[in-house]
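To start, the structure itself, in C-alpha cells.
2 protein chains.
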Amino acid sequence: MSAAAPAGTAERILEVAERLVQTRGYNGFSYADVAAELGITKPSLHYHFASKAELGETLIARYHTRFAAALGGIDAAGGDAETRLRRYAALYADVLDKQRMCLCGMLAADLETLPGGMREAVVRFFDASETWLEGVLDEGKASGTLRNDSPSHDQAQMVISALEGAMLVARSYHDPERFRMVARRLVTSLSA
Amino acid sequence: MSAAAPAGTAERILEVAERLVQTRGYNGFSYADVAAELGITKPSLHYHFASKAELGETLIARYHTRFAAALGGIDAAGGDAETRLRRYAALYADVLDKQRMCLCGMLAADLETLPGGMREAVVRFFDASETWLEGVLDEGKASGTLRNDSPSHDQAQMVISALEGAMLVARSYHDPERFRMVARRLVTSLSA
DNA sequence: GTCTATAACGAGATAGAC
DNA sequence: GTCTATCTCGTTATAGAC
C-alpha cells in the first residue's frame, strides 16, 4: 500500500491531487493548487487530465488498484484471520499517519457533488473491501480463530464503517492513537 | 432532535443551509444556492449572515444545541443504559433517513478547509457526545446492564466513530438499513 | 509537452437605493 | 429587510503559439 518513483508529470500530478483530495476533499482543491505546487501551469494539467472528473476517476482507480495489491500482499504474507484483520486495519492507520483521510471515505462525504463516474467508483471500492473482508472472516470462522456469532457480511460492513469513521474522527483530533484504539477493540470483538 | 416552525428569514436560511452542508459539504454549496431556493437574493443573505464562516458557525451552534436537547430528552425519558444507547443511535438514524450526513461528521471531512472558529466548534460537538456517552456507559456498568471490559472513555470513542462511519458508508449505498445493522451490533457488543 | 492568453462562469462580499 | 448593481477573485476549460 505505497508507491513513489522517479515519476513523469502525469504521475506527479496524481500524487499531489491525491493528497489534496484526501486532506481537503474533492471540492476543496483546484487545478491551480496542483499546478502551483508542481511549478507548472493549469493548461499543462489539462493536457494530462482533460477534466477534473477525469482526474478524479483516475485517482480512484489508482487508489483502488494499490489497495487491492495491499490486500493481496496481506494474503500472500500468510498468518491467521485475526492477523490479517490487524494488517487490514494497519493499512488505514498508515493513511491516517500521513494526516490523510481514506480517499474513498473522503469522496463518500462529497458523493452528492461528484460526477457519476466517480460516484460508482467509490462504491466499487467499498464493495471490494467488503468482499475481501468477508473472505477473511469466513476463513477465520472455519479455522476457529474468529467468533461465529453473526454473518460475515454484516461483520465486514461493521469493520469498514468503524474504520472509516474512526479515521474521520481521529483526524479531527490530530490523534492517530484514537484510531488505533478503535481498531484494536474492533479486532478483539471479532476474535474467538 | 427536530425543529420546524413558522420561521423568519434567518431561520429559513439556516434550515436550507443546514441541509446543503449535510448533503453536499461546506465547499459544495454557495450563497447563490441558498438564495435561489428561498427566492431571495445573495445580499439579503449577507444581511442575516455577514460571511459564510459566520453562517457556518451558527449552523454548528444550532445543531449542537438541538443535539444536546435531544440527549437531555433521552435522559428525561428514563430507561436503562442500553435503551439510552439505542436511542442515541436512533438520533443518527433519523438524520440518515432524511438522506443526510451528521452535520459535524460532514464538517469533519471538510475540516482542513474550514475557518478556525468552525473547526473548534466541530471538535466541541464530538467532545460533548463523548462526555454524554461516557456517563451512560458508566451508569450501565454500575447497574450491571453493560459489559465492564474496557474504559467507558474508549467505548464512547468507539461508538461515535462507528456511528459516524456507518452513516458515511450507508449514505453511499442509499441504504439506511446498513446503518441500523451496524448500530444494533454496536449496542449488542456493549451490553452485559 | 508546456506555455501565454483568454473565455465563460460562479464564488463571497459590498455600496447604496428603496 | 430586501433589492439592483457591481467588484474582485477563483474556478474549469479552450485556442493556439512554441
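Chains Y and L are the protein sequences, given in the same order. Numbering (the working numbering) for the first sequence: 16 to 207. Numbering (the working numbering) for the second sequence: 16 to 207. Glycine is no exception: its CB is placed at the ideal position from the N, C-alpha and C atoms. Predicted model, so just to flag it, every value in this text is computed and none were measured.
Counting only the Cα atoms, L/Asn42 lies some 6 Å from Y/Asn42. In this model, Y/Ser66 and Y/Lys57 are separated by some 11 Å (Cα to Cα). Neighbourhood of Y/Val36 in chain L, by CB distance below 9 Å: empty, with the nearest CB roughly 11 Å away. Per DSSP, the continuous alpha helix (DSSP H) segment holding Y/Tyr46 begins and ends at Tyr46 to Leu53. For L/Leu129, the three-state secondary structure derived from DSSP is coil.
Here L/Ala25 has His63 as same chain residues with Cβ atoms under 6 Å from its own Cβ, once five neighbours each way along the sequence are excluded. Apart from the 5 residues on each side of it in sequence, L/Leu148 sits with its Cβ closer than 6 Å to the Cβ of Ala171 and Val174 in its chain, given in chain order.
The region 35-104 of chain L contains no complete beta strand (DSSP E) run of 3 or more residues. Counting along the chain, the unbroken alpha helix (DSSP H) around L/Thr203 starts and ends at Pro191 to Leu205.
When CB distances to chain L are screened at a threshold of 7 Å, the residues of the region 134-146 of chain Y falling below it are Val137, Val138 and Phe141, in chain order.
For Y/Val31, no CB of chain L lies under 8 Å from its own CB, so it is not counted at the interface with that chain. Of the residues assessed, L/Ser144 falls on the buried side of the cut-off, its CB having 16 or more other CB atoms within 10 angstroms.
Contact between L/Met133 and L/Gly71 holds, since their C-beta atoms are separated by about 5 Å, short of 8 Å. In the assembly as shown, L/Gln114 is an exposed residue. Its beta-carbon has fewer than 16 other beta-carbons within 10 Å. The Cβ-Cβ distance between L/Leu161 and L/Ala96 falls below 8 Å. If you check the CB distance, L/Val197 and Y/Ser176 come in under 8 Å. For Y/Leu161, DSSP records a beta bridge to Y/Ser206. Between L/Leu111 and Y/Ala124, the gap from beta carbon to beta carbon reaches 8 Å or more. Near chain L, meaning a CB-to-CB distance below 7 Å, the residues of the region 36-60 of chain Y are Thr38, Arg39, Gly40, Asn42 and Gly43.
In this structure, DSSP gives L/Tyr188 a state outside helix and strand, which the three-state scheme calls coil. The continuous alpha helix (DSSP H) containing L/Cys119 extends over residues Leu118 to Ala124. Any Cβ of chain Y closer than 8 Å to the Cβ of L/Ile75 would place that residue at the interface, and such an atom is absent. Under a criterion of Cβ atoms nearer than 7 Å, the residues of chain L adjacent to Y/Ser176 are, in order, Ala177, Gly180, Ala181, Val184 and Val197.
Neighbours of L/Gly120 in chain Y, taken as residues whose beta carbon is under 7 Å from its own, are Leu183 in chain order. Chain-ordered, the chain Y residues with CB closer than 8 Å to the CB of L/Ser165 read Arg200.
Among the residues facing chain L, Y/Tyr103 is not included, as its CB has no counterpart in that chain under 8 Å away. Comparing C-alpha distances from Y/Val49 to each of Y/Arg39, Y/Phe141, Y/Ile28 and Y/Arg199 shows the shortest one belongs to Y/Ile28. Rounded to the nearest whole angstrom, the C-alpha separation of L/Arg193 and L/Ala181 is 8 Å. Using a Cβ distance threshold of 8 Å, Y/Tyr103 and Y/Cys117 do not count as a contacting pair. Against chain L, the beta carbon of Y/Asp153 has no neighbour under 9 Å; the closest one sits roughly 17 Å away.
Non-local beta-carbon contacts of Y/Phe141 in its own chain, meaning distances under 7 Å to residues more than five positions away in sequence, involve Cys119 and Ile175 in chain order. Within chain Y, the residues placing a beta-carbon under 7 Å from that of L/Ser187 are Ala123, Leu126, Val137, Val138 and Phe141, ordered along the chain.
Contact between L/Leu100 and L/Val151 is confirmed by a C-beta separation of about 6 Å, below the 8 Å threshold. Here Y/Gly23 is exposed. Its C-beta has fewer than 16 other C-beta atoms within 10 Å. Shown here, Y/Arg27 sits in a helix according to DSSP, grouped into three states.
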